[in-house]
Each structure stands twice: as C-alpha cells, then as structure tokens.
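What follows is a short report on a single structure.
Numbering (my numbering), first residue to last: 807 to 1096.
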C-alpha cells in the first residue's frame, strides 16, 4: 500500500486564492468567500482579504455558524462549470457552497479508469448534489446516485438539467446508503466503480442513524460484494474526523485482498493560487484494478 497526495489545481470557475490564520479565501465564479479552515495554521500571503461573504462559525465545533455578506450574492445560487459539467453553487447553512471543489482531481481520475470499458456502471454513494455523478454520466457511464436527502437528490436532478445531461442513464435514489448497498448485494448487482463520501454522522430517510467509525467497515465489505475482478475502482473519501489515511487504507486493503489490483491511500489537497502551497482537505483510500 502506497501513500499518495491528490492535488486539486485551480480552474476557471474555482480557485483557492489564499489561506492562513485558520481561514481560506476562495473564488467561485465571480464571487469570493471566506470560510473557516483549521488546517491553515500558517500566515496568509496577504492579510487584507476582500470578499463578498464570510461564514462566521458559532461556538459549536460540529458546524454551527452563519453567513455574513458584505456585497450582493444571488441567494438562489449561480451557475458554475467544471470541464463539460455545469452545476449550481449556493451559500448553504453548512458553510460550503453546494459542492466540494477539492473533489475535482477525483472526478478526473475516475474518468480515466473506464477507458476501453463498454457501458461502464458506477455508483455514487452519499452523492449530494451530483457533480461527481454528472462528471461520470457525461462520459457515457451508467450511474446510480444515492443520497438519503430528497432535497439533495432534487438539487442533483436540477444540476443534470442545467448541464444538459437530464437524458443520461442516471438512477436517482433517495435511500439510506448502507441499506441500499446491502440490498444491491442480495440482488446480485455488480458495478465497475464505486465512489463513496460518507459523513461523520447522518440520518437516513427513515431515521436510520449513521456513525462513521461504527458503520464504515460493514459498508466497505458490502461495497466489495458489488465489485469483481473486472471492476475498475472503489474510491473512499473521509472528511472532518480524527482518523488516519493509513487506517482507512488498511480497511480497504483487507476488504479487497482477494482481488487483483492496487490499494493506495493519502490526502486530498488544494493548491493555493497566491503561493502554490497545498492545503489538505480530506483523507482517502482507493482500490484500482491496474
């Protein structure tokens, strides 16, 4: 098992402009925002930041806080794009903007894994607003998008329409991810690739409780049942937990010990535009066939 860093580079509609002193300045299309970032322990390149809005955290370390706006920002969101996929960005109560830009190198990597594979099928678990699903659907993959939030799935469908991808073969599933994966295994379904981005804590549509440390081993084991020697990958990302990349790498390595291929783990990072330094954002583990 090897350690890898996947680096997200700036693109036309997104960039990490500067970071430091526990905050980061980002551009989302024509708008700039400041958000908390505990990993940015160093000094910023420029202490004088100008932004349209800032997320001010509350006393609750689990995500409380509010947005403060200094310049007008469309409250219903605005259109952004990544490569050939369009989607809506919006300031959410959860401090992010409706998608996770540091996932861009993951989307790009997944696209390379299906080269030469006819009619590949992939699953996006905890798919949120669907940018990763649409990144794959745009290449011709058959996608199963799963999220427990009906609101998130509706937003994903809206992004599909915005991107001109509403006619692509995407199954939009509102369901508890762990239960859905277990049922797919009992049905004998298989996939060529699986992307999963489980939260630290969550609830399913029927009130099911998800706790990452308790549920992740069983979820990975059930995902393994949906993949075989002809499958191409499983990609797991983990945010905002006191967990090691080596730990989740070993979990995936043991689950996939009977399949040919390679297991890697490491960090996702975004390159700052001001100085080129790397801001770590998440840990990941992946199995790939080759």
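The C-beta atom is built at its ideal place from N, Cα and C for all residues, glycine as well.
Just so you know, these numbers come straight off a predicted model, no measurement behind them.
query	result
Secondary structure, beta strand (DSSP E): runs of 3+ residues fully inside the region 1046-1070	none
Presumed contact (8 Å Cβ cut-off) between residue 932 and residue 1003, rounded CB distance	5 Å
CB-CB length for residue 839 against residue 858, believed under 8 Å	6 Å
Supposed contact pair residue 950 and residue 916 - C-beta distance, whole angstroms, cut 8 Å	Rounded, the Cβ-Cβ distance is 14 Å, inconsistent with contact.
Integer-rounded CB distance, given that residue 940 should sit under 8 Å from residue 891	5 Å
Distance, residue 1055 Cα to residue 778 Cα	The question about residue 778 has no answer, for the chain in this structure spans 807 to 1096.
Reference residue 854, options 896, 1036, 825 and 981, closest by Cα	825
Residue 1010 versus residue 982: straight-line alpha-carbon distance, rounded	5 Å
Residue 809 classed as buried or exposed, judged by whether at least 16 other C-beta atoms fall within 10 angstroms	exposed
When 911, 986, 861 and 907 are compared against residue 835, the one with the closest alpha-carbon	907
Exposure label - residue 872; buried when at least 16 CB within 10 Å	exposed
Run of the alpha helix (DSSP H) containing residue 956, from where it starts to where it stops	956-968
Residue 993 vs residue 816 beta-carbon contact at 8 Å	no
Host alpha helix (DSSP H) of residue 911 (start-end)	910-919
Whole-angstrom C-beta distance between residue 886 and residue 896, which should lie under 8 Å	Between residue 886 and residue 896 the Cβ distance is about 10 Å, and since that is not below 8 Å, they are no contact.
Touch test, the region 975-990 against the region 1017-1031, Cβ-Cβ under 8 Å, three pairs minimum	yes
Identified DSSP bridge partners for residue 860	840 and 874
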